[in-house]
Each structure stands twice: as C-alpha cells, then as structure tokens.
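Residue numbers (the working numbering), protein chains in the order written: chain A, 1 to 328; chain B, 1001 to 1220.
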C-alpha cells in the first residue's frame, strides 16, 4: 500500500524511471513487506493470534472418513447414528453410564472424525492392544469402557450392550477403507515439543485467564444452557476423574495445543499449552475408581509418572485426598 | 471476565462521562424505557426486536454486558458503523449501562422467518449444528449454545436475529469492520466461510424459534 501511494505521487518521467528500476525494487519488496506487516500488527492490537484451521494440520493424516450424509438408511445405519449421537451428547444418549456433564466430543473434535483429536477411526484400527492402564490386552469395546469409567466418571457399559455396539458401529463405519495399523497418522493427539521451562501453575493460570476463561469460566466449572453443557467443566465434581487420560498433563497439553480454543488450533505456544495443562490438572477432581484405600498407594500403583499430579501437594493441598470414590 | 480489548475505550469513556455527566441528574428506572431509548426505538422497535428488512438487530433479551460492550465499540470504532457510531458517541457510561439493562430485560417476541428449502437449508443446518471442521469452521452451537440461544455474556443469542443482520455481521467479522470478539474467534472463523456458507447459516438461523425445541441441539 505504501509503495503504490508513493508511485502515484511521482511525476510521469520519474514513474518511467522507477519502472526501469523495478527489478531492484523487487529485491527490496520483501523487506518492505516485513515492515508493513509489523506496522499492521502494531495497529491491530486485537488481531487474533496465528492459528491453523484444525488439529489435523501437521499430523500427516491422509485419511478422510466418509461424510455423515453417507450413513446408510437401514438398521446398521441406525446404530451408526446412535453412536454418533452418543459422541455428541453422551449424558443424554448413554445416561445410565455417565457420572458427569462431559461428552465424548469435548475431547474428540467433530464427533471423533478429526485427525489430531483422537479420532475414532484411528482407534478402531489400533485395537485389540495391550494397555498398561489395566495391564492386559483390551478389545476395542474394552477400550471404550475405559472412557466411561474415567473420562465420563461413570460405569462401564457391559460388553455387547447398546452404547458399546453403537460406538463400535460408528467407529467401524468411520474407518471404512483404512488399513489395520496402530501407527496410522493422525491417531491420538500430536506430539508436543518438550517445554523449555518446567510447567508452572502461576504461568498456567495466566494463560487460563487470557485464553480459556471466556468459555470455561473462572473456576473451571464450564458453562451450561437449559441444563445442557456448552463448555465442559475442566475440574471439580462434574469433570473427568483422576483416572482419565486428560489427568496426565502431558496428554492434556497435546490436546490443548492442537485443539483449543475452538477454531484456533496451534495458536498457543507449546510452553503455554504445557503450563495451562499443568494448571488444569493441578485442581481437585473425582477420585480415581482404582482407589487403593489411600492416596499414596493409589499414586504408587497408577500414577507413578511425572505427568500426574495425583498424590502431590499443590498450594499446600494433597491432590486426590478426598476419600474413596463415590458408588455408582 | 469479559472485556478483552477495550482499555482504550474505557479511557475515552472516562472523558465522555466527564463532559456529559452533569446532564444525568434524573434518576432512571430500568423498568421503564430510559430517556436515551427513544433514539433506539426508531430502528430497533418498541419491542426491541429490530427490523428484519432493514437488517436492524434484535436487542431484546441480549446480555446486558454484551449490549454495553457493543455501544462502547461503536463509540470507539471497534465496530465500524456510521449510524451507530453517531448514536453511541454522545452516550455517557451511565446511559450505556441503563440502556443495556433495559434491553437485556425486555422479553424477546415474534415469529421466525420461513425456513429456506432444499440444499441451502441442509447446508445451514449442517454448519450451525455440526460445523465444517475440515475447513476450520466450528459449529455455531458449540459456543452460542443448543438452539443458538446464547451463552453467558460473551456469546449472544443468534436466534431472533434476521438473516440480513447475521449475514452482515459475519461479513463484518471477516473484513475486520467489526472487532471486539473474544480472542478474535469470530474473525478467525469468518475468514474461513464462503459467501454461500454465510448466507446458508444466516437463513437457517433466522428460521429458528426463539425457544429451541430439543431437536435443535447438537444431536443432528
């Protein structure tokens, strides 16, 4: 813009001379461009940070699940749709097995379709698999049971029950054409560089207040409308319990970096993602259902990781010291 | 927890309040229309439901803080709108608060626009309820709530607004003539929307009832 203005202001002869010098001007263009960009950024103090369009960017994922409009209009399609509905509104469609106000979609963007957001199609082609979490080979349905016990703070639907059949049908339908391969690109959440500084509560709180509070509210309790969760609670009684995957702040940092805020994937710095994940996981939440009778024993058996703050003291309080899990 | 970029605006408001504060002797009741509302009614209607044909928006029942923010944004240029800028600039901070609370407490009324037909309606429903995540467009209801009835102070209701207004706003977010959105989220999303998508979303939303049925929540 600056360039065209100054060109127009020149007398005709000067403009011709300038025209002959275009090639040398071109060399300077990139430098001027940088200056213009910097000036623009200074003016637009409220310009949104740079972000990517979604979590899939940079994962190398090449698989695209079929569009929802292709769900068949038959008995199988009905089950697929139920699985999709459970993903979107779990407290409504799998009520008997849910103990909080979260839905699968809160951690599996776009109802489990999005690469880099723990897509169901990648999980489907990765099971059965051995899991350290329960120290045995898990079928896909058993893996789904874990989501209900921990992330949903509920109870496991029996193998073969309708919610699991529906979710398995949906995951199978999504993954049509994808080879069985537990290393499929786009699985889970993308790796995040190690933080330059050790994750920190106070820095994390600042990130939370700047970037997260607008949706998840001051005390992490989320926001509700007419009894339905809009923004999920991140800690406290209505959130995931201490056994959930998100209770690892490494896992949470990876999710946040690739997926949060909505529409602004990868807009936080890796350090901000680590710090805010640490802050989130440094709050109290429902007891781990694998409770061993005391915090130290439960930590030793299931949380022996630097990425779990369970059983550690934060701000003078021992996390997890809330007694036995409530009966379901 | 809501003002994200208006320190500049607050400073200029302090000046404006100083100049006009002495004019505000009369006590105001939020139940009756405050004196400033006469100018609003001409375009936004006595019921605060706006004018669909002209694209003047619904104010009735919008969050008070949201309404106050918008008046500040019109005054300081964060929202670039010649008519509203002229209306908002002379208002004192006290008048802004009074107007915002008055309209926040008005009960919204009226019936929705007719539902568009065919592919446009299906596309509108898809974008509002499910989004187009492959293109970086989250579903509207993810932030504006089930039935797009609004969430808290930062995410206003979209139902009860006309297609003309909604379409114009998405385009204003896109070209930067409207700012002040938390984290720049609406600007970011609007940049990814085509004109056809914008129109489909606006028409579908304008056809929704003020009180949502269960079928307008996420499970579509």
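Cβ coordinates follow ideal geometry from the N, Cα and C atoms, glycine included.
Look up residue i in the DSSP assignment and give the residues it is bridged to.
i	result
residue 1080 of chain B	BP columns for residue 1080 of chain B are empty, so no partner.
residue 313 of chain A	A:318
residue 1151 of chain B	B:1155
residue 998 of chain B	The displayed coordinates of chain B run from 1001 to 1220. Any statement about residue 998 of chain B would go beyond what the structure contains.
residue 224 of chain A	A:229
residue 1137 of chain B	B:1132
residue 68 of chain A	None; residue 68 of chain A has no bridge partner.
residue 308 of chain A	A:248
residue 265 of chain A	A:52
So residue i contacts chain A; which residues on that side make the cut at Cβ distance below 9 Å?
i	result
residue 1222 of chain B	No answer is possible for residue 1222 of chain B: it lies beyond the span of chain B, which begins at 1001 and ends at 1220.
residue 1159 of chain B	By Cβ distance, chain A contributes nothing, its closest Cβ being about 12 Å from residue 1159 of chain B, past 9 Å.
residue 1154 of chain B	214, 215
residue 1151 of chain B	215, 223, 224, 225, 230, 231
residue 1178 of chain B	Simply none; closest approach about 11 Å.
residue 1192 of chain B	53, 263
According to DSSP, is residue i helix, strand or coil?
i	result
residue 189 of chain A	coil
residue 318 of chain A	strand
residue 166 of chain A	helix
residue 98 of chain A	coil
residue 89 of chain A	coil
residue 1022 of chain B	Residue confidence for residue 1022 of chain B is low, a pLDDT of 35 falling below 50, so the modelled location carries little weight; the figure read from the coordinates is stated next. Helix.
residue 1016 of chain B	Because the pLDDT of residue 1016 of chain B is 40, which lies under 50, any placement of that residue in the model is unreliable, and the number read from its coordinates should be weighed accordingly. Residue 1016 of chain B falls in the helix class under three-state DSSP.
residue 248 of chain A	strand
residue 131 of chain A	strand
residue 213 of chain A	helix
residue 219 of chain A	coil
residue 326 of chain A	coil
residue 284 of chain A	coil
residue 1222 of chain B	What the structure shows of chain B is the stretch from 1001 to 1220, and residue 1222 of chain B is not part of that stretch, so it cannot be assessed.
residue 1132 of chain B	strand
residue 29 of chain A	Confidence in residue 29 of chain A is poor, its pLDDT being 39 and thus under 50, which makes the residue's placement unreliable; the coordinate value appears in the next sentence. Here residue 29 of chain A sits in helix by DSSP.
residue 182 of chain A	coil
residue 79 of chain A	helix
residue 388 of chain A	What is shown of chain A runs 1 to 328, which leaves residue 388 of chain A out entirely.
residue 206 of chain A	helix
residue 197 of chain A	coil
residue 23 of chain A	Low confidence applies here, because residue 23 of chain A scores a pLDDT of 38, under 50, leaving its location unreliable and the question unanswered by this model.
residue 1070 of chain B	helix
residue 57 of chain A	coil
residue 107 of chain A	coil
residue 298 of chain A	helix
residue 254 of chain A	helix
residue 1039 of chain B	helix
residue 124 of chain A	helix
residue 112 of chain A	helix
residue 174 of chain A	helix
residue 1142 of chain B	helix
Can a CB atom of chain D be found closer than 8 Å to the CB of residue i?
i	result
residue 262 of chain A	Of the chains in the structure shown, none is chain D; the protein chains are A and B.
What does residue i reach in chain B if we use C-beta pairs closer than 8 Å?
i	result
residue 306 of chain A	Ordered by position in chain B, no residue passes the 8 Å Cβ test against residue 306 of chain A, which lies about 31 Å from the chain.
residue 48 of chain A	1183, 1184, 1185, 1187, 1188
Going along chain A in order, which residues have a C-beta closer than 8 Å to the C-beta of residue i?
i	result
residue 1133 of chain B	54, 109, 110, 113, 114
residue 1146 of chain B	225, 226, 228, 230
Would you check whether the ligand GDP has a heavy atom nearer than 7 Å to the C-beta of residue i?
i	result
residue 181 of chain A	This structure lacks the ligand GDP; in fact it carries no ligand of any kind.
What residues from chain A crowd round residue i, counting only those whose CB sits closer than 7 Å?
i	result
residue 1090 of chain B	What residue 1090 of chain B touches in chain A: nothing, since even the nearest Cβ is about 25 Å away.
residue 1136 of chain B	53, 54, 263
residue 1058 of chain B	Under the 7 Å cutoff, chain A gives no residues; its nearest Cβ is about 18 Å from residue 1058 of chain B.
residue 1142 of chain B	262
Discussion item. For a minimum of 4 consecutive residues, which ranges assigned as the alpha helix (DSSP H) are wholly contained in the region 1089–1128 of chain B?
Written reply: 1093–1105
Fill in: Uninterrupted alpha helix (DSSP H) stretches inside the region 1158–1210 of chain B (no shorter than 4 residues)
1163–1175, 1185–1191, 1195–1206
Worksheet item: Going along the chain, which unbroken runs of the beta strand (DSSP E) with 3 or more residues stay wholly within the region 134–158 of chain A?
Response: 136–138
Fill in: Contacting positions in the region 225–241 of chain A - beta carbon closer than 7 Å to chain B
225, 226, 228, 230
Discussion item. So if I threshold CB-CB distances at 9 Å, which residues from the region 208–223 of chain A count as touching chain B?
Written reply: 209, 210, 211, 213, 214, 215, 217, 218, 223
Worksheet item: Between the region 1102–1120 of chain B and chain A, which residues of the former have CB atoms less than 8 Å from a CB of the latter, in chain order?
Response: none
Worksheet item: Taking a cut of 7 Å between CB atoms, which residues from the region 139–172 of chain A lie near chain B?
Response: none
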